[in-house]
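Those sequence lines, one after another, are chains A and B.
Start counting the first sequence at 1336; every next residue gets the next number (our numbering).
Start counting the second sequence at 1336; every next residue gets the next number (our numbering).
Beta carbons are placed, not taken as given, at the ideal position from N, Cα and C, and that holds for glycine.
Bear in mind that the values here come from a model prediction, so they are computed numbers and not experimental data.
I have placed the structure first, in the form of structure tokens, so that the comments after it can refer back to it.
Protein chains: 2
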Amino acid sequence: MKITGDQALVKKINKSLVLDNIRSYAPLSRTRVSQLTGLNKATVSNLVQELIDDRLVLESGEGQSSGGRKPLMLEFNQSAGYAAGVELSVNELTIVLTDLEGKIITRHTEPLPDHRVETTLELMQRMMAVLVAEVPPSVHGLIGMGVGVPGMVDEQGNVLFAPNLGWEGVPLREELEQLFGLPVTIDNEANAGAIGELQFGAGRHARHLVYISVGMGIGSGIIIDGQPYTGARGYAGETGHMSVEANGLPCSCGSRGCWELYASELAYEHTLIDPHPNTNTAYWVQQAMWDEPEAIRLFQQIGEYLGIGITNLVNSFNPELVIIGGHMRQAEPWIAPHVEAVVSQRTLPYHRQKLVVQYSELGEQSTVIGAAYAAISQFLGRVRISI
Amino acid sequence: MKITGDQALVKKINKSLVLDNIRSYAPLSRTRVSQLTGLNKATVSNLVQELIDDRLVLESGEGQSSGGRKPLMLEFNQSAGYAAGVELSVNELTIVLTDLEGKIITRHTEPLPDHRVETTLELMQRMMAVLVAEVPPSVHGLIGMGVGVPGMVDEQGNVLFAPNLGWEGVPLREELEQLFGLPVTIDNEANAGAIGELQFGAGRHARHLVYISVGMGIGSGIIIDGQPYTGARGYAGETGHMSVEANGLPCSCGSRGCWELYASELAYEHTLIDPHPNTNTAYWVQQAMWDEPEAIRLFQQIGEYLGIGITNLVNSFNPELVIIGGHMRQAEPWIAPHVEAVVSQRTLPYHRQKLVVQYSELGEQSTVIGAAYAAISQFLGRVRISI
DNA sequence: AGACTTTGTCTATTCATTAAACAAAGTCAT
DNA sequence: ATGACTTTGTTTAATGAATAGACAAAGTCT
Chain A
1336 MKITGDQALV KKINKSLVLD NIRSYAPLSR TRVSQLTGLN KATVSNLVQE LIDDRLVLES
1396 GEGQSSGGRK PLMLEFNQSA GYAAGVELSV NELTIVLTDL EGKIITRHTE PLPDHRVETT
1456 LELMQRMMAV LVAEVPPSVH GLIGMGVGVP GMVDEQGNVL FAPNLGWEGV PLREELEQLF
1516 GLPVTIDNEA NAGAIGELQF GAGRHARHLV YISVGMGIGS GIIIDGQPYT GARGYAGETG
1576 HMSVEANGLP CSCGSRGCWE LYASELAYEH TLIDPHPNTN TAYWVQQAMW DEPEAIRLFQ
1636 QIGEYLGIGI TNLVNSFNPE LVIIGGHMRQ AEPWIAPHVE AVVSQRTLPY HRQKLVVQYS
1696 ELGEQSTVIG AAYAAISQFL GRVRISI
Chain B
1336 MKITGDQALV KKINKSLVLD NIRSYAPLSR TRVSQLTGLN KATVSNLVQE LIDDRLVLES
1396 GEGQSSGGRK PLMLEFNQSA GYAAGVELSV NELTIVLTDL EGKIITRHTE PLPDHRVETT
1456 LELMQRMMAV LVAEVPPSVH GLIGMGVGVP GMVDEQGNVL FAPNLGWEGV PLREELEQLF
1516 GLPVTIDNEA NAGAIGELQF GAGRHARHLV YISVGMGIGS GIIIDGQPYT GARGYAGETG
1576 HMSVEANGLP CSCGSRGCWE LYASELAYEH TLIDPHPNTN TAYWVQQAMW DEPEAIRLFQ
1636 QIGEYLGIGI TNLVNSFNPE LVIIGGHMRQ AEPWIAPHVE AVVSQRTLPY HRQKLVVQYS
1696 ELGEQSTVIG AAYAAISQFL GRVRISI
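Below, the structure written as structure tokens:
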């Protein structure tokens, strides 16, 4: 799209800047916003007045004086509207309603009968009907819908390829916008998870992070400078198919030695001496709690291979924080020491210096919350400039 | 830095937009610029007048009429100033003088006597003295200096770590700016190479590319959406230490199975059955020309491992183009088929679809030209906005 | 020769930011 | 309690960048 500079752009930039500061540092005064942003007091006053008119900001009363007139404190009005967050996974559909600060109001999960697009859309429609009825009375109502999908997504919200659903080239955003008459954002499941953890979870204080979703495969969401990073043509982070054993196990993708064969739930099938039918992390965690040597050994191997892949990602992206999420997060007590050992032995000293490996704080909710936040972020009209 | 929106920013954005269009599509009329940018004709006229006053744009005469008044054609004045591009490599120092379109005017190379910072700065000073005398008479003269360094660089132009030089924490930009009184930009050698190929080489028509510099090690420069991509804290792409054999050869970095041990000039030491003292690509290319089976086998292995690492990068960054540069580029005839075979077998179908693997067009010059372009780009004050 | 096109400039207007003045409301030492 | 000083937030006038539309200049085409 053609972007040129004009006064509307200036206002958009500054209004977004003011709102961001209020969201981050509330309660605070107009004068403080002026100091934080570098904008003139008069400018801040004008923009704040517009935000108050939009009902996105509230005056919450007077604050402490610091030797002069008492400031009028401003706060973000998190109840001005609500967002829907959807996680479409292989077996089930989860929908949450959140306020504008990503706090979950209600949550519903239902099993997916099959993977056909129509079935999925019908189920969504039924579940959304329930959700819409639950939206509390508010100025803006339901402001949008964010969806996390287990596959590759382009910038137009088309699902390019979702092998576990058997989807290929589904114009999901278009269909959902038509169906619900709402602005819709579509993200890869791992990217949504990364956004969720960045905004409300383990990554709240980080600017550069890699979120690794470890389930029946591995996906990564990458945040650089507070922004979700997607490669060319709108998606990236298919790191599960990074080869860590050049001549290792053959993978369904055509390659060999893919990371996810060794370090995800897929390892349950691939690494046991006696192939074991159970590919459920909960089962193996239970076994590990009972000190079953096979489970301990299994998680050690998974931990080590996670460490190897994490090292590779750290050398490429140099994040300050790596967050491990997905089902495998439940095995933290058994994998963590091995991940830690491998990472601290293998990463380059400069990368290691400030690197922290953590486990998802939002647990199963990272993706739905992140998906909802993508919709919120679009509604609030965030803008960034780089020089 | 605090960035707010004001009229100066608007003007900067639009002026940069106009100049970019003139550089890309010259010769063209003001009206055409207005159509291309979406800016009002009057705005374009004003900005073009300023650019003419700055001597960055010239009126090159009248063009063809299309049924009305003849247009006044505009061109970018590539001789308005000159930039210095420097490549600091392990054995030598290369300096070029380029015009504002990156065309090399003069070029000098001298061996580095040792790796001490002072020695290097002294040599630079001597070589720059020669270069300065060669700058043709022009409005802006020598507008800046860009340097490509074999190591990690932060956003302030500090060389954090350059193992092959033994440098650690050298404030190179600061020292050079003081020494020469010029704006200086510092980039990683591979990033500079990527910029060079993007602007003037094999990547001219690409927006997303990965440039792989294969010499005594591997470094990667990543371009996303036409912009050099650096990770957190200003550097990224240390992909040479990506582990592709989880339990492979031990590497000096502390890890095992690092890509560069198998796919760079380091492979000459590591993969031969009889360790061979010769680590020179030129030597092995000569051997391969004589159909020596050992050389053929060597390049086959290097090609295959290059393909494996490239696959990993493609899965993470999804570029449309991969460019192989550095000394190893000389072995293209012997490695290319193997790279191609592995990449087309291993990459995910969606990534493969539009992916092209090419070899550096600028050859040994990618880095110096890219470094010079970094200085030019800063001089021209390019701005980008994203919404 | 006259109607129509195209290019590029000029003029008046709009609008966002800003500096500075200002009013309102507080603190603090005496 | 009083008066000097501080702090907050609004008002006012000025600045300047983009823009629509008018307009002049220079061309083409029938």
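Going by C-alpha to C-alpha distance, which of the options sits closest to residue i?
i	options	result
A/Gln1562	A/Ala1541, A/Gly1552 and A/Ile1637	A/Ala1541
A/Leu1683	B/Glu1604, B/His1662, B/Ala1598 and B/Ala1497	B/Ala1497
B/His1295	B/Asp1434, B/Pro1654, B/Pro1448 and B/Gly1481	A query on residue 1295 of chain B cannot be resolved here, the shown segment of chain B reaching from 1336 to 1722 and no further.
B/Leu1648	B/Glu1629, B/His1662 and B/Val1678	B/Val1678
A/Val1484	A/Glu1445, A/Gly1554, A/Glu1604 and A/Gln1342	A/Gly1554
A/His1475	A/Gly1492, A/Ala1418 and A/Val1345	A/Ala1418
B/Met1624	B/Ser1401, B/Ile1659 and B/Pro1668	B/Pro1668
B/Arg1358	B/Leu1391, B/Ser1380, B/Leu1382 and B/Thr1339	B/Leu1391
B/Ile1530	B/Lys1350, B/Ile1338, B/Leu1363 and B/Glu1696	B/Glu1696
A/Gln1319	A/Ser1473, A/Thr1366 and A/Leu1407	No answer is possible for residue 1319 of chain A: the residues shown for chain A start at 1336 and end at 1722.
B/Gln1399	B/Asp1388, B/Lys1376 and B/Ser1364	B/Ser1364
A/Ser1424	A/Gly1528, A/Gly1402 and A/Gly1638	A/Gly1528
A/Asp1522	A/Gly1638, A/Gln1534, A/Val1494 and A/Glu1512	A/Val1494
A/Cys1588	B/Thr1614, B/Arg1687, B/Asn1615 and B/Ile1557	B/Arg1687
B/Gly1445	B/Asp1434, B/Glu1457, B/Pro1471 and B/Leu1435	Inspection of the sequence shows that residue 1445 of chain B is occupied by Glu rather than by Gly. Nearest option by C-alpha distance: B/Glu1457.
A/Ala1537	A/Ile1658, A/Gly1716 and A/Leu1477	A/Ile1658
B/Leu1477	B/Glu1532, B/Glu1512 and B/Val1452	B/Glu1512
A/Met1408	A/Ile1430, A/Ile1387, A/Asn1426 and A/Gly1416	A/Ile1387
A/Glu1490	A/Asp1434, A/Asp1560 and A/Tyr1564	A/Tyr1564
Under 8 Å between the Cβ atoms of residue i and residue j?
i	j	result
B/Ala1617	B/Gln1665	yes
B/Val1692	B/Glu1675	yes
B/Lys1438	B/Val1718	no
B/Gly1705	B/His1673	no
A/Val1353	A/Val1368	yes
B/Glu1509	B/Gly1486	no
B/Pro1448	B/Thr1454	yes
A/Asn1356	A/Leu1371	yes
B/Leu1428	B/Met1462	yes
A/Val1488	A/Met1459	no
B/Met1551	B/Glu1600	yes
B/Phe1714	B/Pro1518	yes
B/Pro1579	B/Gly1644	Correcting the residue type first, residue 1579 of chain B is Val in the shown sequence and not Pro. Yes; because the gap between Cβ atoms is below 8 Å, this pair is in contact.
A/Asn1526	A/Gly1575	no
Just to check my reading of the structure: residue i and residue j have Cβ atoms closer than 8 Å, yes? What is that Cβ distance to the nearest angstrom?
i	j	result
A/Leu1507	A/Val1482	7 Å
A/Gly1660	A/Ser1701	5 Å
A/Val1545	A/Phe1652	6 Å
B/Thr1614	B/Glu1627	The pair is not a contact, with the Cβ atoms about 16 Å apart (cut-off 8 Å).
A/Thr1339	B/Leu1374	5 Å
Compare the C-beta of residue i with all C-beta atoms of chain B and state if any pair is closer than 8 Å.
i	result
A/Asn1647	yes
A/Met1561	Correcting the residue type first, residue 1561 of chain A is Gly in the shown sequence and not Met. No, because no Cβ of chain B sits closer than 8 Å to the Cβ of A/Gly1561.
A/Phe1714	no
A/Phe1634	no
A/Pro1487	Contrary to the premise, residue 1487 of chain A reads as Met rather than Pro in this sequence. Output row for A/Met1487: interface = yes.
A/Ile1643	yes
A/Ser1651	yes
A/Leu1374	yes
Is there a Cβ from chain A that is less than 8 Å from the Cβ of residue i?
i	result
B/Ala1415	no
B/Ala1377	no
B/Tyr1640	yes
B/Met1663	no
B/Leu1517	no
B/Ala1709	no
B/Gly1340	yes
B/Gly1705	no
Give me the subset of the region 1344 to 1372 of chain B whose CB atoms are less than 8 Å from a CB atom of chain A, sorted by chain position.
Within the region 1344 to 1372 of chain B, the residues whose Cβ lies closer than 8 Å to some Cβ of chain A are Leu1344, Val1345, Lys1346, Lys1347, Ile1348, Asn1349, Leu1352 and Thr1372, listed in chain order.
Which residues, taken in chain order from the region 1573 to 1590 of chain A, show a beta carbon closer than 7 Å to some beta carbon of chain B?
Within the region 1573 to 1590 of chain A, the residues whose Cβ lies closer than 7 Å to any Cβ of chain B are, in chain order, Glu1573, Thr1574, His1576, Met1577, Ser1578, Val1579, Glu1580, Ala1581, Cys1588, Gly1589 and Ser1590.
Interfacial residues, the region 1676 to 1692 of chain B to chain A, with Cβ spacing under 7 Å:
Using a CB distance below 7 Å, the part of the region 1676 to 1692 of chain B facing chain A consists of Gln1680, Arg1681, Leu1683 and Tyr1685, ordered along the chain.
Listed in chain order, which residues of the region 1491 to 1520 of chain A have Cβ atoms closer than 8 Å to some Cβ of chain B?
Per Cβ criterion, the list reads Leu1495 and Phe1496.
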